[in-house]
Amino acid sequence: MSPYIQAFILSLLPIAELRGGIPLAVAKGIPLVTAYFLCVIANMLVIPIFYTFLKTLHNLFYKVRVYQLVFDRYVHRTLNRAEEKVRKYGYWGVMLFVAIPLPVTGAYTGTLAAWLLKLDMKKAFWFLALGVIIAGIIVSIAVMTGVGILRIFVKPS
């Protein structure tokens, strides 16, 4: 499978998102700028797709016990992490929450927080997307810093 497709798919997946996609892309030889745009676009696609799922199929899936248990746990954790920021800073809080590239603070969790807190999704999309853009920049800087440090110790052949 093409490294471009691998990075794109990884950036669509929960937990990894672009935090996994950008490093994978660079490791597979994709130029950083290309990797950045590829993974940011993929991660932004998560926002409307996941929101549409929450609005439509969630109620159907919620009748399945396993889904209900996993979802309730995820919701509880999301609200604990995001609610204070969103209540304090509004839409900017959602952006800040997504922009910090830590585990479980990406587009999925930000979209879920916006949905749970009943934010206007058209407006929230732009703040979530801005958070994804900032997270992508931070991850790209971290990847290039890591590559630079690695080059000090390992000379390319």
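So the number in the working numbering is just where the residue sits in the sequence shown, counting from 1, plus 11.
Ideal Cβ positions, reconstructed from N, Cα and C, are used throughout, including at glycine.
**Asked** Does DSSP put Met12 in a helix, in a strand, or in coil?
**Response** coil
**Request:** Scan the region 92–143 and note each continuous alpha helix (DSSP H) run of 4 residues or more that stays entirely inside, going in chain order.
**Result:** List check, alpha helix (DSSP H) in window: 102–110, 118–127.
**Message:** For the region 72–91 against the region 40–52, do three or more pairs of beta-carbon atoms, one drawn from each stretch, fall closer than 8 Å, so that the two count as touching?
**Reply:** no
**Request:** Would you mind sorting Phe64 into buried or exposed? The rule is 16 or more other CB atoms within 10 Å of its CB.
**Result:** exposed
**Message:** Among Met155, Val154, Asn91, Tyr119, whose alpha-carbon lies nearest the alpha-carbon of Val143?
**Reply:** It is Tyr119 whose Cα lies nearest to the Cα of Val143.
**Prompt:** Are there 16 or more other CB atoms within 10 angstroms of the CB of Phe48, so buried, or fewer, so exposed?
**Reply:** exposed
**Item:** Pro59, DSSP secondary structure in three states
**Value:** Pro59 sits in a helix when the DSSP states are folded into three classes.
**Request:** Please work out which residues of its chain come closer than 7 Å, Cβ to Cβ, to Ala36, disregarding the five sequence neighbours upstream and downstream, and give them in chain order.
**Result:** Pro14, Ala18, Ala46, Leu49, Cys50
**Request:** Take Phe138 as the anchor and find which of Leu80, Ile16, Pro59 has the nearest alpha-carbon.
**Result:** The shortest C-alpha separation from Phe138 is found at Pro59.
**Request:** With a threshold of 16 other CB atoms inside 10 Å of the CB of Leu161, please say whether the residue is buried or exposed.
**Result:** exposed
**Prompt:** Are the Cβ atoms of Leu21 and Val150 separated by less than 8 Å?
**Reply:** no
**Message:** One question on the structure: do Ala125 and Ala135 come within less than 8 Å of each other, judged by their Cβ atoms?
**Reply:** It is a contact, given that the beta carbons lie within the stated cut-off.
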